[in-house]
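Colleague: Chain order of the listed sequences is A and R. 1 is the number of the first residue of the first sequence in this note's numbering; add one for each residue after it. 1001 is the number of the first residue of the second sequence in this note's numbering; add one for each residue after it. Ideal placement from N, C-alpha and C gives every residue a C-beta, glycine not left out. As the structure is a prediction and not an experimental result, all values here were calculated from the model. Below you will find the structure I want to go over with you.
There are 2 protein chains.
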Amino acid sequence: MGDQEDVLHKLKEDSARQERTSVAEWTARVLRDRIAEGLFPPGTRLSEDTIGGALNVSRNTLREAFRLLTHERLLVHELNRGVFVRILEVEDLEDIYRVRRLIEGAALRSLGQPPYALDALEQAVEEGHKAVEEKRWRDVGTANISFHQGIVALAGSPRTDELMRGILAELRLVFHVMDDPRAFHEPYVGRNGQILRTLRAGDARGAERVLAAYLDDSQRQLVEGYARKLG
Amino acid sequence: MGDQEDVLHKLKEDSARQERTSVAEWTARVLRDRIAEGLFPPGTRLSEDTIGGALNVSRNTLREAFRLLTHERLLVHELNRGVFVRILEVEDLEDIYRVRRLIEGAALRSLGQPPYALDALEQAVEEGHKAVEEKRWRDVGTANISFHQGIVALAGSPRTDELMRGILAELRLVFHVMDDPRAFHEPYVGRNGQILRTLRAGDARGAERVLAAYLDDSQRQLVEGYARKLG
DNA sequence: GCATATTTGTCCGTATGTATA
DNA sequence: CTATACATACGGACAAATATG
């Protein structure tokens, strides 16, 4: 038995070393992915014992990983009770869209003279259409997120990019508690395409208007469904 | 000797319990304050042993605190070498101002109809003037930071507030390595006052223009001095 | 409301790996 | 290249809080 555990241990160490990260960060990445996939839905309690056993890391290391994810707002930490996958309130959802309006709008407004570097946006729209055709609705959502991350990237600010990555990861938490993912993702692929075309034509101001309408509609639809879901 | 340590321990526990936070967060808060005060200037290495001994917390707990502050970009974590108070590059400074232009500008642009809730801004300007009179230059800097935090707060988004708190904490790291704090703080008290008056008059768009010029000048002056300082 | 079991919070000792004088 | 110092990670211990019956 010690043999098999040793093998697992080595594998873990290697995959951590590969990218020169600590085991704690490796653990955080694994958990972050699980949460993003929806494998640990919001509200799930993550037991130190269970997770630590499953991933073969010590409690101390696991707690470091928990801290990281708590700081990213994916987990909440209740003193002496443990950590849970975050359940967003409707107010959180509203704040997320407030931030999106602020940042994504500012990113478009910060653009100088066309033409713009739109490769990432084009790729995201394309991936969105492909996912729609193949009815992979969850992937449609991922492509949409990727598109809006691309919009923010136009501002060329690493810190803003990171903020947005966090915000959109939070948004994913909402998606995972909703059924009918198609309804929340499919309509927006076309609208992203419209934003892209407007930008390609060099009309950043016009794109900003389309974006604003997009965010309003998306928020309305999401808040409506989410409030119903939470009861 | 166990006696005295016990007393310290109890004090620490109580002051943590008071706010219902863990010892790790209490530790992080203490360190954050020390860094903000400039007591640990950029580049300082924080030894697990030394700090842990001084604050009477175990290495495990201290490491949790380090993680938190690393995530806030106040510390950098070099694998197997420890944590250091961050030294900002000129590119960081430029990104910080990029973010400020984006966010503070967007906050002003998001304003609806006047009048606006300007209490926090008025208080910050007043505190700035008082600190100037008494030649407390560092406090002048604090008041200025507080003013711009107030601008962002006008957008009414907790997440944006938090982002800005982090950004401005980073900016403080730069201030602490510069001499002549007066030169970097005093000129801007008046300009904050001008922004405030423009807002009070209901002219958000005009305030945005003043702000943009403010940020350009401030960045230019700071980058210049900082680049010279770094050699 | 009480007693018990479970889980977290914290600390410590130690083995190993890594960086640097 | 060796030695030293230090970070990394683990596992065990016990106290304290919480959950369960």
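In chain R, which residues lie less than 7 Å from H71 of chain A when you measure between Cβ atoms?
Modeller: L1068, H1071
Colleague: Please list the partners that V99 of chain A has in chain R, where partner means a Cβ-to-Cβ separation under 7 Å.
Modeller: S1157, R1159, T1160
Colleague: At the 9 Å Cβ level, is A1124 of chain R part of the contact set with chain A, yes or no?
Modeller: No - not a single Cβ of chain A is within 9 Å of the one on A1124 of chain R.
Colleague: What residue ranges within the stretch 1062-1150 of chain R form continuous beta strand (DSSP E) runs of no fewer than 3 residues, ordered along the chain?
Modeller: Segments of the beta strand (DSSP E) lying fully in the stretch 1062-1150 of chain R: 1075-1078, 1082-1085.
Colleague: With DSSP collapsed to three states, give me the class of L46 of chain A.
Modeller: Looking at L46 of chain A - three-state DSSP - the assignment turns out to be strand.
Colleague: Measuring CA to CA, which of R:M1178, R:E1104, R:A1212, R:R1063 is closest to A1153 of chain R?
Modeller: R:E1104
Colleague: Just to confirm, are F147 of chain A and V174 of chain A a CB contact at a threshold of 9 Å?
Modeller: no
Colleague: Would you identify the three-state DSSP class for A169 of chain A, choosing helix, strand or coil?
Modeller: Helix at A169 of chain A.
Colleague: Listing by chain order, which chain A residues have their CB less than 9 Å from the CB of A1106 of chain R?
Modeller: R101, L102, I103, G105, A106, R109
Colleague: Which of the three DSSP states is assigned to F40 of chain A in this structure?
Modeller: coil
Colleague: Verify whether the separation of the beta carbon atoms of R1191 of chain R and Y1214 of chain R is less than 9 Å.
Modeller: yes
Colleague: In terms of alpha-carbon separation, which member of R:E1048, R:V1099, R:D1119 lies closest to R1081 of chain R?
Modeller: R:E1048
Colleague: Looking only at C-alpha atoms, which of R:H1185, R:K1135, R:R1073 sits nearest to V1083 of chain R?
Modeller: R:R1073
Colleague: For R1209 of chain R, go through chain A and note every residue whose CB falls closer than 9 Å to its CB, in chain order.
Modeller: In chain order: nothing, as chain A lies at least about 14 Å away.
Colleague: Note down, in chain order, every chain R residue with its Cβ under 9 Å from the Cβ of A95 of chain A.
Modeller: The sequence as given places Asp at residue 95 of chain A; Ala does not occur at that position. Chain R residues near D95 of chain A: G1156, S1157, P1158, R1159, T1160.
Colleague: Going along chain R in order, which residues have a C-beta closer than 7 Å to the C-beta of R63 of chain A?
Modeller: E1064
Colleague: Chain R partners of L163 of chain A, CB-CB under 7 Å?
Modeller: L1163
Colleague: Is it buried or exposed for A117 of chain A, if we count other Cβ within 10 angstroms and need 16 for buried?
Modeller: exposed
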